[in-house]
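Please read the structure below before turning to the comments.
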Amino acid sequence: MCGIVGVVSSENCQHQVLEGLKKLQYRGYDSAGICLKMGGELVAFKAKGSVEDLEKKCPENMEAALAVGHTRWATHGSVCEKNAHPIFSANKHWAVVHNGIIENFPQLQYDLAKEGVCFKTETDTEVISALLALDNFKDPIQNLIWACGRLKGSYAICAVQQSDQNQILVAKKKSPLYIFSSGSESMVASDPVCFPEDQYYRLEDDEFASVSQTGVIFYNKNGKRIVKETQGAITKQSQISKGVFKHFMLKEIYETPDGLNALSESFANFDFSKMRKWWIGKVKLIGCGTAYHACLMGARYFKKHLGLDAEAVTASEFRYDKVILDTSTLCIFVSQSGETADTIAAAQKALKHTKKIVALTNVSYSTLSSMTPHVLSICAGPEIAVASTKAYSCQVAALYLLVMALKGEKELKNALKNVKKTSKLLEKFYVNLGRFAEDISACQHVFFIGRGSDYITALEGALKLKEISYINCNAFPAGELKHGVLTLIDHSTPVIVIATEKQTSDKTMNSAFEAKARGGKLYLISSQMPNAASLDKFEMCLTLPQTCPDLECLLATLPLQLLAYNVAVMRGNDPDKPRNLAKSVTVE
Ligand code: AGP
Numbered sequence: 096m097c098g099i100v101g102v103v104s105s106e107n108c109q110h111q112v113l114e115g116l117k118k119l120q121y122r123g124y125d126s127a128g129i130c131l132k133m134g135g136e137l138v139a140f141k142a143k144g145s146v147e148d149l150e151k152k153c154p155e156n157m158e159a160a161l162a163v164g165h166t167r168w169a170t171h172g173s174v175c176e177k178n179a180h181p182i183f184s185a186n187k188h189w190a191v192v193h194n195g196i197i198e199n200f201p202q203l204q205y206d207l208a209k210e211g212v213c214f215k216t217e218t219d220t221e222v223i224s225a226l227l228a229l230d231n232f233k234d235p236i237q238n239l240i241w242a243c244g245r246l247k248g249s250y251a252i253c254a255v256q257q258s259d260q261n262q263i264l265v266a267k268k269k270s271p272l273y274i275f276s277s278g279s280e281s282m283v284a285s286d287p288v289c290f291p292e293d294q295y296y297r298l299e300d301d302e303f304a305s306v307s308q309t310g311v312i313f314y315n316k317n318g319k320r321i322v323k324e325t326q327g328a329i330t331k332q333s334q335i336s337k338g339v340f341k342h343f344m345l346k347e348i349y350e351t352p353d354g355l356n357a358l359s360e361s362f363a364n365f366d367f368s369k370m371r372k373w374w375i376g377k378v379k380l381i382g383c384g385t386a387y388h389a390c391l392m393g394a395r396y397f398k399k400h401l402g403l404d405a406e407a408v409t410a411s412e413f414r415y416d417k418v419i420l421d422t423s424t425l426c427i428f429v430s431q432s433g434e435t436a437d438t439i440a441a442a443q444k445a446l447k448h449t450k451k452i453v454a455l456t457n458v459s460y461s462t463l464s465s466m467t468p469h470v471l472s473i474c475a476g477p478e479i480a481v482a483s484t485k486a487y488s489c490q491v492a493a494l495y496l497l498v499m500a501l502k503g504e505k506e507l508k509n510a511l512k513n514v515k516k517t518s519k520l521l522e523k524f525y526v527n528l529g530r531f532a533e534d535i536s537a538c539q540h541v542f543f544i545g546r547g548s549d550y551i552t553a554l555e556g557a558l559k560l561k562e563i564s565y566i567n568c569n570a571f572p573a574g575e576l577k578h579g580v581l582t583l584i585d586h587s588t589p590v591i592v593i594a595t596e597k598q599t600s601d602k603t604m605n606s607a608f609e610a611k612a613r614g615g616k617l618y619l620i621s622s623q624m625p626n627a628a629s630l631d632k633f634e635m636c637l638t639l640p641q642t643c644p645d646l647e648c649l650l651a652t653l654p655l656q657l658l659a660y661n662v663a664v665m666r667g668n669d670p671d672k673p674r675n676l677a678k679s680v681t682v683e
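Residue numbers (our numbering): 96 to 683.
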């Protein structure tokens, strides 16, 4: 993953790069570094930890004419200062910051070592600076184009050279890169959210650029100059703050109703007439992690309301599996960021077989949005915390609305009412978790069970809790306990029981009682209170308000998100930046 920022300006480049990097920490936050160009020389500072840690190590007001910075999510090489970017060439003439993975780096290292190159880091990136340092061409951009021609994999690169010319050389393949230029300053970044204005260039694969203070020159892979148009419309910076909340995650959970309302408005105004004419043979819903869980829920809606053969597949499997697609297959790609490498690769595969492709994303300028013929926004608003919360609820609601919209105008109208009602209930549903979070925070393992849509909610609840609490959490279809899992239940095992579905909740209760009989501690999240006789079997019963059955999952999800948040905080973890993860997973 990783985030990169470069600035060429007469102003304080160092400050601008550090501020940009802070906005990119959703892409990785295990180490950070900056390279400043001062009087033709390249000077670097690096820190293990966050950009804030790096900032403390940088002397103030270094008068640099150019700076490039990096916030890292380690792929090759341990987390340490040595492996933090910028990565220099052995002769120190070139410094590189890179987002992506160079897949053929072992071969390149081997070839370069034969020519006498000595590698100092464990990173794949060092082959890029080593190739540049061969200085095969006089023109530095030709050097970069040549070097990239030898790379396999994915990259967004900012390269700077020890020379009199103040320019950042950039290249892109599969990892995003954007350029902003005002005529008096220029910037490069992994996300236009770093730019001061919302007009910018989007670099496409195999395009290159030399970025100087006064402007940008673009090149294709043959070294020919090309002309590019700017594009615009990004999220305003003012929207992205914690406000009165201690963490982004908590704020974002509370923003769920706003997202659902914005989604309803957007779907009410969307013209579905073209999509309604589609002849759909079968449906594939593709995503990763939480987005995949939304796909599971979406598949249920397609089957239930349209009687269609619908299947959810994780993008990392879809891209390599033998999937049978034809022109009648509707493929729906769900991704909050729209930058998830596996989802993008899966969409590229699907595009070869069908044009009935819909992307559901939260970022209008994302790669996924730009490559798919039909895009629907989930309207959740910026989501910063690594753990996806409001985006999940908006993805589920968007899939529900899409299914109902395909069914007909009247059905969509009713569905919009249902979403509005659910949103209103969520607004008032301030759940007091009480002892629940305390109990769970002391555990080493937690089980979640449910049937049907409740099983999907259980999967999402377990992912959320494990992601930020670091507790081992597993979700099972309730009926599966007796096929193996019961062996793990003892007097210290909490079992979180989700039972909102009328037709299966009795069965789920039976499974829960089987766990109780083996010592399990039961916590119930249900639309109804259990009968008086079984009440004392539960440590806690949380009764949800009633909404339409299709959206009860959203009400059950809220307390699970709050549980994960509270447990993470109780255990002293940062819920916004869990260890080893990043918000945007731009590598395979
Ligand atoms: C969710 O809490 C996770 N951080 C993760 O599973 C995430 O949903 C997944 O990486 C997909 O991201 P996307 O929606 O941006 O594609």
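We put the CB at the ideal spot given by N, CA and C, even for glycine.
*Is Ala-500 near the ligand AGP, with its Cβ less than 8 Å from a heavy atom?*
Position 405 of the sequence shown, counted from the start, is the residue given in the question as residue 500. No, the beta carbon of Ala-500 sits no closer than 8 Å to any heavy atom of the ligand AGP.
_Near the ligand AGP: Gly-382 beta-carbon under 8 Å from a heavy atom_ = Within the sequence shown, residue 382 is the residue found at index 287, counting from 1. Within the cutoff, so yes.
*asked:* Is it buried or exposed, Val-112, if we count other Cβ atoms within 10 angstroms and call 16 or more buried?
replied: Within the sequence shown, numbered from 1, the residue matching residue 112 stands at position 17. Under a 10 Å Cβ-count criterion, Val-112 is classified as buried, with 16 or more other Cβ atoms of the shown protein chains found around its own Cβ.
*What's the C-alpha gap between Gln-332 and Gln-623?*
One-based indexing of the sequence shown puts residue 332 at position 237. One-based indexing of the sequence shown puts residue 623 at position 528. Caution applies to Gln-332, whose pLDDT of 48 falls short of 50 and renders its modelled position unreliable; the model cannot decide the point.
*asked:* Here's a check: name, in chain order, each residue in its chain whose Cβ is nearer than 7 Å to the Cβ of Glu-217, leaving out the five neighbours to either side.
replied: Your numbering for residue 217 matches position 122 in the sequence shown. Excluding positions up to five away in sequence, the list reads His-171, Gly-172, Ser-173 and Asn-178.
*Does the ligand AGP have a heavy atom nearer than 8 Å to the CB of Gly-433?*
The sequence position of residue 433 within the sequence shown is 338, counting from 1. Gly-433 Cβ: within cutoff of the ligand AGP.
_Is Glu-562 near the ligand AGP - that is, is its Cβ less than 8 Å away from at least one heavy atom of it?_
Position 467 of the sequence shown, counted from the first residue, corresponds to residue 562. Judged by the Cβ position, Glu-562 qualifies as a neighbour of the ligand AGP at the 8 Å threshold, a heavy atom of the ligand being closer than this.
*Count the other CB atoms, across all protein chains shown, that sit within 10 Å of the CB of Lys-693; report buried if there are 16 or more and exposed otherwise.*
Look at the range of the chain in this structure, 96 to 683, and you will see that residue 693 is not part of it.
*For the putative contact between His-193 and Ile-240, defined by C-beta atoms under 8 Å, what is the C-beta separation to the nearest angstrom?*
Against the sequence shown, residue 193 aligns to sequence position 98. Against the sequence shown, residue 240 aligns to sequence position 145. In this structure, His-193 and Ile-240 do not form a Cβ contact; the two beta carbons are roughly 16 Å apart against a cut-off of 8 Å.
*Write down the C-beta distance between Phe-410 and Thr-438 rounded to the nearest angstrom, noting that I regard them as a contact closer than 8 Å.*
The residue given as residue 410 occupies position 315 in the sequence shown. The residue given as residue 438 occupies position 343 in the sequence shown. Checking the sequence, you will find Ala at residue 410 rather than Phe. Between Ala-410 and Thr-438 the beta-carbon gap is near 4 Å, inside 8 Å, which marks them as a contact.
*For Val-682, count neighbouring Cβ atoms within 10 angstroms of its own Cβ and tell me buried if that reaches 16, exposed if not.*
As a position in the sequence shown, residue 682 is number 587, starting the count at 1. By the 10 Å Cβ count, Val-682 comes out buried.
_Segment contact flag, the segment 146 to 153 with the segment 201 to 219, C-beta cutoff 8 Å, min 3 pairs_ = Contact between the segment 146 to 153 and the segment 201 to 219 is absent: fewer than 3 CB-CB pairs across the two stretches fall below 8 Å.
_Contiguous alpha helix (DSSP H) assignments of at least 4 residues, all confined to the segment 595 to 636_ = Counting only runs of 4 or more, we get 597 to 612 and 627 to 630.
_Endpoints, alpha helix (DSSP H) assigned at Phe-531_ = Here residue 531 refers to the residue found at position 436 of the sequence shown. Counting along the chain, Phe-531 sits inside the alpha helix (DSSP H) bounded by residues 530 to 536.
*Classify Cys-130 as helix, strand or coil using the three-state DSSP reduction.*
Against the sequence shown, residue 130 aligns to sequence position 35. Correct three-state label for Cys-130: strand.
*What are the start and end residues of each continuous beta strand (DSSP E) run of 3 or more residues lying completely inside the segment 484 to 550, in chain order?*
540 to 545, all fully within the segment 484 to 550.
_Measuring CB atoms only, is the segment 334 to 341 touching the segment 448 to 467, in the sense that at least three cross pairs come out at less than 8 Å?_
The segment 334 to 341 is not in contact with the segment 448 to 467.
*By how many angstroms is the C-alpha of Leu-227 removed from the C-alpha of Asp-234?*
Along the sequence shown, read from residue 1 onward, the residue named residue 234 stands at position 139. Along the sequence shown, read from residue 1 onward, the residue named residue 227 stands at position 132. In this structure, the alpha-carbon of Asp-234 lies about 11 Å from that of Leu-227.
*Where does Met-467 fall in DSSP's three states?*
Within the sequence shown, residue 467 is the residue found at index 372, counting from 1. It should be noted that the sequence gives Thr, not Met, for residue 467. Thr-467 falls in the coil class under three-state DSSP.
*Determine the DSSP secondary structure at Lys-444, reduced to helix, strand or coil.*
Here residue 444 refers to the residue found at position 349 of the sequence shown. It is helical.
*Straight-line CA distance for Pro-670 to Gln-120?*
As a first step, residue 670 must be located in the sequence shown, where it is residue number 575. As a first step, residue 120 must be located in the sequence shown, where it is residue number 25. Spanning the two alpha carbons is a distance of roughly 14 Å.
*Identify the residues that DSSP records as bridge partners of Ile-381: which are they?*
For the purposes of this step, residue 381 is taken as residue 286 along the sequence shown, with counting starting at 1. Looking at the DSSP assignment, Ile-381 forms a beta bridge with Val-408 and Phe-428.
_At the level of alpha carbons, what is the spacing between Val-322 and Gln-308?_
Within the sequence shown, the letter at position 227 stands for residue 322. Within the sequence shown, the letter at position 213 stands for residue 308. If I take the Cα positions, the gap works out to 18 Å.
*Excluding the 5 residues preceding and the 5 following Leu-272 in the sequence, name in chain order all residues of the same chain whose CB lies nearer than 7 Å to its CB.*
Working through the sequence shown from its first residue, we reach residue 272 at position 177. Excluding residues within five positions, the ones whose Cβ falls inside 7 Å are Ala-251, Val-265, Val-283, Ser-285 and Leu-298.
*asked:* Under 8 Å, with one C-beta from each stretch per pair, do the segment 514 to 532 and the segment 449 to 456 reach the 3-pair mark?
replied: No: fewer than three Cβ pairs fall under 8 Å.
*From Val-146 to Ala-139, what does the alpha carbon distance come to, in whole angstroms?*
Here residue 146 is taken as the residue at index 51 of the sequence shown, counted from 1. Here residue 139 is taken as the residue at index 44 of the sequence shown, counted from 1. Here the alpha carbon of Val-146 sits roughly 14 Å from the alpha carbon of Ala-139.
_On the CB-based measure, 16 or more other CB atoms within 10 Å of its CB, does Gln-443 come out buried or exposed?_
Working through the sequence shown from its first residue, we reach residue 443 at position 348. Counting C-beta atoms within 10 angstroms of its own C-beta, Gln-443 has fewer than 16 neighbours from the protein chains shown and is therefore classed as exposed.
*Just to confirm, does Val-429 get its C-beta within under 8 Å of one of the non-hydrogen atoms of the ligand AGP?*
Sequence index remark: in the sequence shown, residue 429 carries index 334 (1-based). Relative to the ligand AGP, the beta carbon of Val-429 is positioned inside 8 Å of a heavy atom.
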